[in-house]
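*Asks:* I'd like to ask some things about the structure below.
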Ligand SMILES: Cc1cc2nc3c(=O)[nH]c(=O)nc-3n(C[C@H](O)[C@H](O)[C@H](O)COP(=O)(O)O)c2cc1C
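In my numbering, the protein residues as written are 1156 to 1525.
Shown next as structure tokens:
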């Protein structure tokens, strides 16, 4: 369904790296819900991996159910990038993704992240060194360029093809844009056209199955990668695959299904990070689920204070009781509390949509902009 050099994937839908979020529990949740095949870790500093820094090792924690997995590396020293990738290959990681899009100063000033988009010769040499040393595919994730005056992604893509890259992931914004404005589908299309022999995966603001289809059609991309949309909606991959295969839009998951997956996500957080740390980390995860719950103020206020499983259970039980006043006898939200459908920023608003939101919120995290 999606060919990435020697690797055949069962889905052309991908989970984008979201530092602080795309950890093992989230990836397992996404995989269990279905529709996705290759998932990617948060970005990991190549040097920290070589030095066996415990934090870096935690970022690459995985298990047999978490396959196929790509680890995203950042760094600008070719030998370090190669050696870190070799270590990952030896551990059974399926692919290496190179971060060429991160605009954060700390990363850019070392020559990594989006700085790589501006230095094509150096980038070529770094990628070539990795491709030559590895058996597993090497991919790259980039933005459209540094700013509107420097939309270098098509040139960079051609350079990367020459260096032996297996696929590229393009977020349809420039570094200067941060997360502002709408995603530039035309910009992604130019990258697709620049490298006809390569699989290009489009990315940015896809929050619905229709938006994913629109991105495929308008850009001609071979795959679509989804980040924040998967947080609102871990079902997005399954629903998109179904929509692409059959033309039928599946209804949004029920509230009960959302709660089932929320609980599963919490259990996995505790399993992987321990009860206290897992609970504390879940404080920033739960409000994403709650965005589609309907009225949820007391839940959002209480869940950001949990430290134990007992806290989590109490907060959820209290919320389920409280929410009953907004539902009918079947448990459905009364019409005045129902949420308008989600609309991707680059899609026309349907007439029924009351929601006027133009952007997906960027969650608080270790970074200001990506
Ligand atoms: C909190 C956060 C963390 C991110 N971390 C990474 C990262 O580690 N590596 C990367 O290449 N992109 C990172 N990104 C960018 C996303 O992978 C993606 O390109 C961007 O969010 C647009 O896609 P989306 O609208 O589907 O989220 C991050 C974005 C956000 C909001």
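Heads up, the beta-carbon is just placed ideally off N, CA and C, and yes, glycines get one too.
Given the structure is predicted, the values throughout are model-derived calculations rather than measurements.
Helix, strand or coil: which one does DSSP assign to residue 1198?
*Replies:* Against the chain shown, residue 1198 aligns to sequence position 43. Correct three-state label for residue 1198: strand.
*Asks:* Check whether the stretch 1277-1296 touches the stretch 1306-1316, counting contact only when three or more Cβ pairs, one atom from each stretch, lie closer than 8 Å.
*Replies:* Contact between the stretch 1277-1296 and the stretch 1306-1316 is present, because at least three Cβ pairs lie under 8 Å.
*Asks:* Considering only residues of the same chain and omitting the five flanking positions on each side of residue 1467, which have a CB-CB separation below 8 Å?
*Replies:* Locating residue 1467 in the chain shown gives position 312, counting from the first residue. Answer for residue 1467: 1421, 1434, 1437, 1458 and 1461, listed in chain order.
*Asks:* Does the beta-carbon distance from residue 1197 to residue 1212 come in below 8 Å?
*Replies:* Translated into the one-based positions of the chain shown, residue 1197 becomes position 42. Translated into the one-based positions of the chain shown, residue 1212 becomes position 57. No, Cβ-Cβ distance for residue 1197 and residue 1212 is not below 8 Å.
*Asks:* State yes or no: is the C-beta of residue 1361 nearer than 7 Å to some heavy atom of ligand 1?
*Replies:* Taking the first residue of the chain shown as 1, we reach residue 1361 at position 206. Answer for residue 1361: yes, Cβ within range of ligand 1.
*Asks:* Count Cβ pairs between the stretch 1166-1184 and the stretch 1261-1268 that sit closer than 8 Å; are there 3 or more?
*Replies:* The stretch 1166-1184 is not in contact with the stretch 1261-1268.
*Asks:* Given residue 1371, which residues of its chain have a CB within under 7 Å of its CB, disregarding the five upstream and five downstream residues?
*Replies:* Reading the chain shown from its first residue, position 216 is the one you call residue 1371. So the qualifying residues of the chain are 1379.
*Asks:* What did DSSP end up calling residue 1254 once you bin it into helix, strand or coil?
*Replies:* Here residue 1254 corresponds to residue number 99 of the chain shown, with the count starting at 1. Three-state DSSP puts residue 1254 in a strand.
*Asks:* Can the beta-carbon of residue 1347 be found less than 8 Å from the beta-carbon of residue 1307?
*Replies:* The residue given as residue 1347 occupies position 192 in the chain shown. The residue given as residue 1307 occupies position 152 in the chain shown. No, they are not a contact pair.
*Asks:* For a quick check, are the C-beta atoms of residue 1424 and residue 1209 less than 8 Å apart?
*Replies:* Looking up residue 1424 in the chain shown gives position 269. Looking up residue 1209 in the chain shown gives position 54. No, they are not a contact pair.
*Asks:* Could you please give the first and the last residue of the uninterrupted beta strand (DSSP E) stretch that includes residue 1463?
*Replies:* For this step, residue 1463 is matched to residue 308 along the chain shown. Here residue 1463 belongs to no beta strand (DSSP E), and DSSP marks it neither H nor E.
*Asks:* Alpha carbon to alpha carbon, how far is residue 1511 from residue 1499?
*Replies:* For the purposes of this step, residue 1511 is taken as residue 356 along the chain shown, with counting starting at 1. For the purposes of this step, residue 1499 is taken as residue 344 along the chain shown, with counting starting at 1. Low confidence applies here, because residue 1511 scores a pLDDT of 43, under 50, leaving its location unreliable; read the following figure in that light. Each residue's alpha carbon lies about 11 Å from the other.
*Asks:* Examine ligand 1 and report whether any of its heavy atoms sits within less than 7 Å of the Cβ of residue 1220.
*Replies:* Your numbering for residue 1220 matches position 65 in the chain shown. Checking every heavy atom of ligand 1 against the Cβ of residue 1220, none is found closer than 7 Å.
*Asks:* Grab me the residues of residue 1217's own chain with a C-beta within less than 7 Å of its C-beta, minus the 5 sequence neighbours each way, in chain order.
*Replies:* Counting from one through the chain shown, the residue named residue 1217 turns up at place 62. Here the set comprises 1179 and 1224.
*Asks:* From the DSSP output, in three-state form, read off residue 1268 for me.
*Replies:* Counting from one through the chain shown, the residue named residue 1268 turns up at place 113. In the structure shown, residue 1268 sits in a helix (DSSP, three-state: H, G or I).
*Asks:* Going by DSSP, what residue range makes up the beta strand (DSSP E) through residue 1163?
*Replies:* As a first step, residue 1163 is located in the chain shown; it is residue number 8 there, counting from the start. Start and end: 1162-1164.
*Asks:* Do residue 1299 and residue 1230 count as a contact pair if the criterion is CB distance below 8 Å?
*Replies:* As a working mapping, residue 1230 is identified with position 75 in the chain shown. As a working mapping, residue 1299 is identified with position 144 in the chain shown. It is not a contact, given that the beta carbons lie outside the stated cut-off.
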